[in-house]
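Numbering (the numbering used here), first residue to last: 28 to 148.
Written out below as structure tokens is the structure these notes cover.
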Amino acid sequence: MQLIPYEQVILFSLPAILMGLGAGHALGGQATLPAKTRIGVTIVVGALGGVVIALLIATFRGAETMFYLLSVLSCIAGSLFGMVINWAPEPRKIAHHVVFTPEDDEEFDKEIEEVLGGGSG
């Protein structure tokens with residue numbers, strides 16, 4: 028007697044992991060979205076993808092509730108892993124600009140000398 032039906036475990040988890048990897052890879056590379064949004068959308072897409080895959084497989088093959096949960100968790104784990112391996116950092120915004128005008132050249136040099144300790148002031 029087999030306690031764990033390995034065939035069903037593989038049947039429900041492998042497609043979910045692969046789909047999750049693809050979805051996470053696509054969402055992790057979206058640098059225009061904030062980090063919290065990417066993480067949240069990835070988890071939601073992973074959960075929905077796991078449910079869809081479990082329902083598709085269960086139509087052809089009967090399954091217990093444990094396998095639905097396994098499919099959802101596998102898809103979420105795959106999507107999070109896919110997101111991590113293709114994470115694109117958010118573009119950094121420049122906090123301020125330094126504007127240099129030629130009229131301020133002497134004053135600018137004086138301030139630099141004072142900061143560096145070379146000023147004879």
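In this text, a Cβ means the ideal position worked out from N, Cα and C, and glycines have one as well.
Quick check on DSSP: helix, strand or coil for residue i?
{"i": "E109", "result": "The question names Glu, yet the displayed sequence has Gly at residue 109. Correct three-state label for G109: helix."}
{"i": "T92", "result": "helix"}
{"i": "K137", "result": "helix"}
{"i": "K63", "result": "helix"}
{"i": "I31", "result": "coil"}
{"i": "I121", "result": "coil"}
{"i": "A144", "result": "In the sequence as displayed, the identity of residue 144 is Gly instead of Ala. If DSSP states are grouped into helix, strand and coil, G144 belongs with coil."}
Quick check on this structure: which residue in the options has the alpha carbon closest to the alpha carbon of residue i?
{"i": "V111", "options": "F39, A58 and Y33", "result": "A58"}
{"i": "S40", "options": "K120, V79 and D136", "result": "V79"}
{"i": "F108", "options": "F94, V68 and G49", "result": "G49"}
{"i": "F94", "options": "A81, P118, K137 and K63", "result": "A81"}
{"i": "G77", "options": "G105, I121 and F135", "result": "G105"}
{"i": "F87", "options": "Q35, L143 and E141", "result": "Q35"}
{"i": "G55", "options": "E133, T69, A74 and E138", "result": "T69"}
{"i": "L38", "options": "A62, E91 and K63", "result": "E91"}
{"i": "S98", "options": "E117, N113 and L75", "result": "L75"}
{"i": "L100", "options": "L30, Y33, L45 and I31", "result": "L45"}
Given a threshold of 16 other Cβ atoms within 10 Å of its Cβ, counted over all protein chains shown, does residue i qualify as buried or as exposed?
{"i": "A115", "result": "exposed"}
{"i": "V72", "result": "buried"}
{"i": "G47", "result": "buried"}
{"i": "R119", "result": "exposed"}
Since residue i is in the alpha helix (DSSP H), which residue starts that stretch and which ends it?
{"i": "A115", "result": "Careful: A115 lies outside any alpha helix (DSSP H) and carries neither H nor E."}
{"i": "G56", "result": "Note, G56: premise wrong, no alpha helix (DSSP H); not H, not E."}
Counting only beta-carbon atoms, is residue i nearer than 8 Å to chain D?
{"i": "Q35", "result": "No chain D is part of this structure, which consists of one protein chain only."}
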